[in-house]
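According to our numbering, the sequence shown is numbered sequentially starting from 315. For each residue, glycine too, the CB sits at the ideal point set by N, CA and C. All values derive from a computational prediction rather than experimental measurement.
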Amino acid sequence: MQDRRPASAEPAVPIDPWDAPELTGWRRLPMHAVVRPDAPRVPLDGRWRFQLLPTPRTPLADRWAETDVPGCWTVQDFEDIHGVRDLPHYTNVTMPFPDLPPSPPAGRNPTGVYEREADVPAGWAGRRVVLHVGAAESVLIAHVNGTAVGVGKDSHLASEFDVTHAVRPGERNTVRLTVVKWSDATFLEDQDQWWHGGITRSVHLYATDALHLADVGITAVPGGTLDVAVRVRSGEGVLPAGWSVSGLLCTPDGILRLPADEAFARANVASERVSDFLGEARIRAAVPGVRPWTAETPHLYDLTVRLHRADGSVADESRHRVGFRSVEISGADLLVNGVRVYFRGVNRHDFHPLTGRVVGAEEMRADLCLLKRHGFNAVRTAHYPPDPALLSLADELGLYVVDEAGIETHDHAHELADDPRYLGAFTDRVARMVLRDRNHPSVVVWSLGNESDYGANHDAAAGWLRRTDPTRPVQYEGAVKDAWEEAQSASDIICPMYASIEEITSGPHSKPLILCEYSHAMGNSNGSLAEYWRAIESTPGLQGGFVWEFRDHGILQRLTGEGAGRPAGPDAPADAYADGVTAPGYRWAYGGDFGDTPHDGAFCADGLVLPDRTPKPAMAEHREIAAPLRLELTPDRREARITNRQHFAGLAWLSARWHIGDSGTAPARLPDLAPGESAVVPLPTSLLPHGDSHLTLRVTTARDLLWAPRGTLVCAPQVVLAEDHRDLLTRAGAVLAADGAGAVELDDAGLLRHPLLTAPPVLTLWRAPTDNDEWGGIAARWRAWGLHALERTLVSVGREGASVVVRSAYATDGAGTVGHEQVLTPLPNGGLLVDETAVLPDALTDLPRVGTVFETVAGLDTLEWFGRGPGETYPDRCAGATVGVHRAAVDALFTPYLRPQESGGRHDVRRFTLTGAAAGPGIAVHLDVPRQVSVTRYRAAELTAAAHHDELVPRATCVVNLDAAHRGVGTASCGPDTLPAYRVGPGTHRWSWTLQPI
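In structure tokens, the structure reads:
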């Protein structure tokens, strides 16, 4: 910053804005909610001259590189003139440097200097000119034509500077933006994501009249009351006489002209609340027949607020989309428009695998549309305010938003919560978020931040917020984490993290309980989500939660050629990834892959979708759990009951058809039901078969919606009409061979030899540990027992009639010996009946699986199965799949979780076939009861050993697992383990299956 005081003044106080926690900004304009889509502007996005310096004090070189704005320099390719090499760095809690608050590193602090010219129109002479920088990480220092125009902090909110005094209209002007990566503010932004640097949102200049709208605050409630608070200022200081405001509201019945509230103006005069430099006005109206805004019915009204000069001409205007909506807390219920609602939410970071923190409006729309299609109705903006475009989209598409301030001090939480040096920063970040976002109907709750303990700084911010916006509740997990019911002023909601089902149902609660984070989606995860929602929907005071989180933060990394080891960046080829899988020469990078240290590994890969937004199986699980209707059989099983589970909408937006097995489909007429109502409908008798039959109601969108085209699947509830109780051999269409009519061939170790198998069926107790297994400490116990390397000893081989009985012992490491018996009985045409028994010692208290693994010959590429599908399912995550006949390519069964692990399972499988495209034999397997089955191209040991998918080489054969018991996946990487009902313990396990050539 330049010192412009006269020489006779006292010397300037030396200050480094990156090392001054008391300084939250300098000459930065107050945050506001004025929206000027038609204001004259000069866009500044695009190519800028650029230098990346090792410290903010490093002199500039004589030459410049170039880079794009917006952009994160950590993922961009540019000439690194100073050799800084600043790449993405991931930590969850630990700061990326050892320095203590409030001072950032002095020796290495990457600093980006951006510079470009801007042609300011001559017509802007005499007008107020503002520089808008959408976001910069983490300290922004702005200059125009060599004049310091301001400083901004907070990496996720815009900074605006009045540059009227510095620009030269009609000429080419030089804009320089200096971005210092590490600062005192960095300690407030320890937010469990990649650390980046750069200008991450759009930059532009815009012009207004000297007389301008300084802020617009809107309150609109379902009864039709509209209240608009307007603030007016002048770039010349003193307000001119005679200014006024008015409004225009577009309704279905026409345009309502809204004059200023004269009573408000008279009251201000009477109470001596009149200023010569700050004008305040109100517009109040009673709008008849409004349609309220909700996430299910997002009705919006266009409002224009105008500021007039004394002669009546328009000096400035602001445009808004208004939703008439109320939020209140009554006892232990949070009410939207007077109705208790469920929050089926997800936490969302700003992330893109090529551009890092830079996310465009179309990317945001794709995020929110995908969430709506999978039953989500709420978003928590973890852990900072989003681009305002996201909130506009939430208004339009219909999502409730918990808007969170950019405060997370995780590594130094309790120290900073009461540190008076950071008091201004806490309050500033909360205040600026509220001032920017308060006109969005989608924002229903304010959050004071995340994982920053609880102290006086939170109470100060909460006090400011409550005074400014009493229309919304406030939440903060840190205020309730130690005592949910304890009185405090920072949270109106009990909003715990990763509380167990037992904990949340231990009420009664004095406030609404909405989990701010739960069901940690790291890798193969989200077990027991259905059980959570059964508890939520059946327990007073529970109103839902926000899954952690939406997206895996895998950055696309180049492995070969020029730039190997670096992020692929915005210029990566279009075919570098698809369907969650990277092309050869690339991989999804996580913590440590860019040489970053310290780091937290793959803990950033904890989303419901893969980095390219490909849904993981848990998305289908949530879609079914959040279904807008419920299907049940009546007690006599002759009819079905349909219930509308929504809060505000009917079922007219839905269409449905009945489906049953291979018998076909029939149209279904959905009854006209208000929210909460039920009706009985007849079953489609023309489809009802005998045997094992499951009736599915496939529900889709009946028309094109903003978030989904007509025909998009909404849910597929299913009821069981009849089950097949025939014995295994009957279902397999097999009979036992007569003595001597068939042969069982064994090798010297007593293992089966079969022409369709390349590896014999053996006992397995191991699975490639999931992220939950690893981070939850469960896999360490399994390794200590040696489950990954059991030593098999043949005990005996004998005959019992036509059957061969093979008894083996599997030695663990200190947990005893597992006894295994395999009875192999020949069936006609080369088939086998396999009866297995495993006896596990008591020391093996918690196992990943008990079952059989074998490998087939090559060339079997297609799996057809009767069981749950079509997607991946596990014992504690299978509500999102229907029972029926499903078919898929073997290669498509595997879910490419970022870190290779147990994947591709299908639950409740009764039978399956494996066949190839070419003529040749396949295999058919029938199971005694519905079992967990997986068919992949990888052995468990190969998945266990690999850190990334580029290390895996798929086999030509199929690796088949048939599990007598399989452990649930749980959420133990951050939260509760799988429920006891889904754990596998010691004792005797028995299972049977048939293997037949086809």
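Spatial neighbours of residue 917 in its own chain (CB-CB distance under 6 Å, excluding positions within 5 residues in sequence) are listed in chain order as 406. For residue 1029, the three-state secondary structure derived from DSSP is strand.
Pairing residue 442 with residue 522 gives a Cβ-Cβ distance under 8 Å. If you keep only unbroken alpha helix (DSSP H) runs of at least 4 residues inside the region 846-872, you get nothing at all.
Bounds of the beta strand (DSSP E) holding residue 1165 are 1163-1170. With fewer than 16 other Cβ atoms from the protein chains shown falling within 10 Å of its own Cβ, residue 1038 counts as exposed. By DSSP's assignment, residue 900 forms a beta bridge with 872. Checking the DSSP bridge columns, you'll see residue 930 has no partner listed. Straight-line spacing of the CA atoms in residue 860 and residue 932 works out to 14 Å. With contacts defined by Cβ atoms closer than 8 Å, residue 753 and residue 1191 do not form a contacting pair. Bounds of the alpha helix (DSSP H) holding residue 738 are 737-751. Counting C-beta pairs closer than 8 Å gives fewer than three between the region 674-685 and the region 634-645, which falls short of the contact rule.
For residue 462 and residue 456, the gap between their C-alpha atoms comes out near 6 Å.
Ranked by Cα distance from residue 479, the first of 1144, 438 and 555 is 438. Only buried fits residue 540, as 16 or more other CB atoms lie within 10 angstroms of its CB. Counting along the chain, residue 634 sits inside the beta strand (DSSP E) bounded by residues 628-636. Nearest neighbour of residue 660 by Cα position, chosen from 629, 608 and 714, turns out to be 714. Comparing C-alpha distances from residue 1308 to each of 440, 1049 and 491 shows the shortest one belongs to 1049.
Put simply, of 395, 369, 390 and 544 the residue whose alpha carbon is nearest the alpha carbon of residue 378 is 395. With the rule of 3 Cβ pairs closer than 8 Å, the region 494-506 does not count as touching the region 571-584. Counting C-beta pairs with one atom in each stretch, the region 1163-1174 and the region 1262-1274 have three or more that are closer than 8 Å, which means they touch.
DSSP places residue 678 in the helix class (H, G or I) of the three-state scheme. The way I'd put it, the region 1174-1191 doesn't touch the region 873-886; fewer than three beta-carbon pairs between them come closer than 8 Å. Secondary structure note for residue 1070: it is in no beta strand (DSSP E), with a DSSP letter that is neither H nor E. Across the structure, residue 937 and residue 959 are spaced so that their CA atoms are roughly 13 Å apart. Below 8 Å, enough C-beta pairs join the region 704-722 and the region 465-474 to call them touching: three or more. Cβ contact annotation for residue 1193 (same chain, cutoff 7 Å, sequence separation greater than five): 844, 935, 938 and 939, in chain order. Between residue 487 and residue 481, the beta carbon gap of about 5 Å places them in contact (Cβ cut-off 8 Å). Counting C-beta atoms within 10 angstroms of its own C-beta, residue 460 has fewer than 16 neighbours from the protein chains shown and is therefore classed as exposed. In this structure residue 1209 is buried. Its beta-carbon is surrounded by 16 or more other beta-carbon atoms within 10 angstroms. Exposure of residue 414 is indicated by the presence of fewer than 16 other C-beta atoms within 10 angstroms of its C-beta. Counting other Cβ atoms within 10 Å of its Cβ, residue 1245 reaches 16 or more and is therefore classed as buried. Here residue 448 is not near residue 432, since their CB atoms are 8 Å or more apart. Only residues of its own chain outside the window of five on either side were considered, and among them 1240 and 1308 have a CB closer than 6 Å to the CB of residue 1046, listed in chain order. Secondary structure in the region 655-713: the alpha helix (DSSP H) runs of 4 residues or longer, each lying completely within the stretch, are 675-687 and 702-711 in chain order. When DSSP states are grouped into helix, strand and coil, residue 1200 belongs to the strand group.
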